[in-house]
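To start, the structure itself, in structure tokens.
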Amino acid sequence: KLNEKKKDEL
Amino acid sequence: MNVFRLLGDVSHLVAIIILFLKIFRSKSCAGISGKSQVLFALVFTTRYLDLFTSFISIYNTVMKVVFLVLSYATVYLIYLRFRSSYDSESDTFRVEFLLVPVAGLSFLENYDFTPIEILWTFSIYLESVAILPQLFMITKTGEAESITTHYLFFLGLYRALYLANWVWRYHTEGFFDQIAVVSGVVQTIFYCDFFYLYVTKVLKGNSKLTLP
Chain W
-8 KLNEKKKDEL
Chain L
356 MNVFRLLGDV SHLVAIIILF LKIFRSKSCA GISGKSQVLF ALVFTTRYLD
406 LFTSFISIYN TVMKVVFLVL SYATVYLIYL RFRSSYDSES DTFRVEFLLV
456 PVAGLSFLEN YDFTPIEILW TFSIYLESVA ILPQLFMITK TGEAESITTH
506 YLFFLGLYRA LYLANWVWRY HTEGFFDQIA VVSGVVQTIF YCDFFYLYVT
556 KVLKGNSKLT LP
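Taken in sequence, the protein lines are chains W and L. According to my numbering, the first sequence holds residues -8 to 1 in order. According to my numbering, the second sequence holds residues 356 to 567 in order.
Below, the structure is given as structure tokens:
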């Protein structure tokens, strides 16, 4: 599972 | 931000503007699948729920608002303003065959079982198939105006550029978003036969794309 990433993509 | 993602976002914006202007200026949505446009509005709605809760950058916020406004405005033009030109007999793709599997998969395969994350995952999976009603309509009518093919070209190009962006980000910052990458590959593959027709037919100067 991916770590909590900031969704900076559109 | 890298050049691939920036070009991808620009390509996406160009596609959405091309479509909106085509309908608005020709006062007709002939040959356009209203179902695909509804699906795209749903993609943006479920993906940009964090519009008011998390601020990334001015660019991010502005683009999200522009995509939301233009996609809903396009749906409005198709189903309300110019509905007499909407070709519902040709726009017959059963979207429930897309929505049900996509919704089911977003509950099964996601990064976090929370409403906002499941809705984001839903939007990613839905975007990869949202163009199918439009592609299906073109195969059904056997033709597409060249402006519509330019719309599809830039729309397909945008996610292909995002694939390059993910390769770049993986090598430069170790960033890897498996759900987005797999969906992006599937999404881009759906455009491949169109890209072939676009390059071999439309760019040769044909006034419109007619399928063999």
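Ideal Cβ positions, reconstructed from N, Cα and C, are used throughout, including at glycine. No experiment lies behind these values; they were computed from the predicted model shown.
Secondary structure at residue i, three-state DSSP: helix, strand or coil?
| i | result |
| --- | --- |
| A499 of chain L | strand |
| T527 of chain L | helix |
| L564 of chain L | strand |
| R514 of chain L | helix |
| T416 of chain L | helix |
| D446 of chain L | coil |
| M356 of chain L | coil |
| A385 of chain L | coil |
| S391 of chain L | helix |
| F508 of chain L | helix |
| L466 of chain L | Here residue 466 of chain L is Tyr; the residue named in the question, Leu, does not match the sequence. Looking at Y466 of chain L - three-state DSSP - the assignment turns out to be coil, as it is neither helix nor strand. |
| F410 of chain L | coil |
Grab the span of the alpha helix (DSSP H) containing residue i for me, first residue to last.
| i | result |
| --- | --- |
| L481 of chain L | 470 to 484 |
| S440 of chain L | Per DSSP, S440 of chain L belongs to no alpha helix (DSSP H) and is neither H nor E. |
| I544 of chain L | 533 to 555 |
| S461 of chain L | 451 to 463 |
On the DSSP letters alone, give me the boundaries of the beta strand (DSSP E) that residue i sits inside.
| i | result |
| --- | --- |
| K(-3) of chain W | Element bounds for K(-3) of chain W: n/a, residue is neither H nor E. |
Taking 7 Å as the CB-CB limit, is residue i close to chain W?
| i | result |
| --- | --- |
| I413 of chain L | no |
| D548 of chain L | no |
| D446 of chain L | no |
| M492 of chain L | no |
| D364 of chain L | yes |
List the DSSP bridge partners of residue i.
| i | result |
| --- | --- |
| T308 of chain L | The structure shown does not extend to residue 308 of chain L, since chain L is modelled only from 356 to 567, so the question has no answer here. |
Can you tell me the Cβ-Cβ gap for residue i and residue j, rounded? I've got them flagged as a contact below 8 Å.
| i | j | result |
| --- | --- | --- |
| Y434 of chain L | G389 of chain L | 6 Å |
| F549 of chain L | G511 of chain L | 7 Å |
| S440 of chain L | A385 of chain L | 5 Å |
| S366 of chain L | Y513 of chain L | 4 Å |
| S478 of chain L | T401 of chain L | 4 Å |
| L425 of chain L | I378 of chain L | L425 of chain L to I378 of chain L, Cβ: 11 Å. No contact. |
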